[in-house]
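Colleague: Quick one: this structure, given as structure tokens, is what I'll be asking you about.
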Amino acid sequence: MFILVQAPDLAIVQIVVEIVTIVIFVAVIFRTTHIDETIGKKLTGTHVLSIVLFSFFALFFLIAITRALQELPAFGNATMKVASEYIRLGLPRSGGANVVADVILDFRALDTLGEATVLFTSVIGVAALMRKVGRKK
Numbered sequence: 001m002f003i004l005v006q007a008p009d010l011a012i013v014q015i016v017v018e019i020v021t022i023v024i025f026v027a028v029i030f031r032t033t034h035i036d037e038t039i040g041k042k043l044t045g046t047h048v049l050s051i052v053l054f055s056f057f058a059l060f061f062l063i064a065i066t067r068a069l070q071e072l073p074a075f076g077n078a079t080m081k082v083a084s085e086y087i088r089l090g091l092p093r094s095g096g097a098n099v100v101a102d103v104i105l106d107f108r109a110l111d112t113l114g115e116a117t118v119l120f121t122s123v124i125g126v127a128a129l130m131r132k133v134g135r136k137k
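The opening position of the sequence shown corresponds to residue 1 in the UniProt record's numbering, with each subsequent residue numbered one higher.
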């Protein structure tokens with residue numbers, strides 16, 4: 001897809017982030033796994049119920065995602081409602097130097113805040129999983 005939109009820099013960033021994420025996941029899994037004594041035992045009613053519920057929700061989300069993807073406009077024919085509003089009302093509302101600076105300051109600031117929130121949450125999760133000393137009971 002990045003070739004179609006001529007964005008090789010985004011492809012490189014995505015590949016690097018995915019590789020680093022996989023390395024972190026593998027490290028966490030190796031440090032937190034233990035031998036499971038339930039291997040080879042019969043499934044109980046709770047296990048069967050969990051499998052059925054998981055399958056139901058997975059199927060539900062698969063159907064929901066499929067329907068949502070069918071409603072998307074064709075590639076390159078996106079609806080321009082938000083973009084036209086930024087162009088029409090951006091400068092009068094913000095008082096910026098130009099439309100590009102206005103969009104960068106307004107929209108990209110929220111995007112960066114969201115990315116920082118996801119990164120912070122991920123770091124807290126990894127730190128909680130990788131700590132050596134557990135909580136005292």
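The C-beta atom is built at its ideal place from N, Cα and C for all residues, glycine as well.
Does DSSP put His34 in a helix, a strand or coil?
Modeller: Of the three classes helix, strand and coil, the one that applies to His34 here is coil, per DSSP.
Colleague: How would you write the range of the alpha helix (DSSP H) that Arg67 sits in, first residue to last?
Modeller: Counting along the chain, the alpha helix (DSSP H) containing Arg67 begins and ends at 45–70.
Colleague: Between the Cα of Ala128 and those of Gly114, Arg31, Gly96, Arg93, spot the shortest distance and give me the residue it belongs to.
Modeller: The shortest Cα separation from Ala128 among Gly114, Arg31, Gly96, Arg93 belongs to Arg31.
Colleague: Nearest-angstrom Cα distance between Leu43 and His34?
Modeller: In a straight line, the C-alpha of Leu43 is about 20 Å away from that of His34.
Colleague: Note down the Cα distance separating Met130 from Thr66, rounded to an integer number of angstroms.
Modeller: Spanning the two alpha carbons is a distance of roughly 36 Å.
Colleague: Based on Cα-Cα distance, which residue from Asp106, Ile124, Leu53 lies nearest to residue 222?
Modeller: Nothing can be reported for residue 222, as the shown portion of the chain is limited to 1 through 137.
Colleague: Just the Cα atoms here: how many angstroms apart are Phe56 and Gly45?
Modeller: For Phe56 and Gly45, the distance between alpha carbons rounds to 16 Å.
Colleague: Distance, Cα to Cα, Ala68 vs Phe61?
Modeller: Their Cα atoms are separated by approximately 10 Å.
Colleague: Expressed to the nearest angstrom, what Euclidean distance is found between the alpha-carbon atoms of Asn98 and Thr112?
Modeller: Whole-angstrom Cα-Cα distance: 21 Å.
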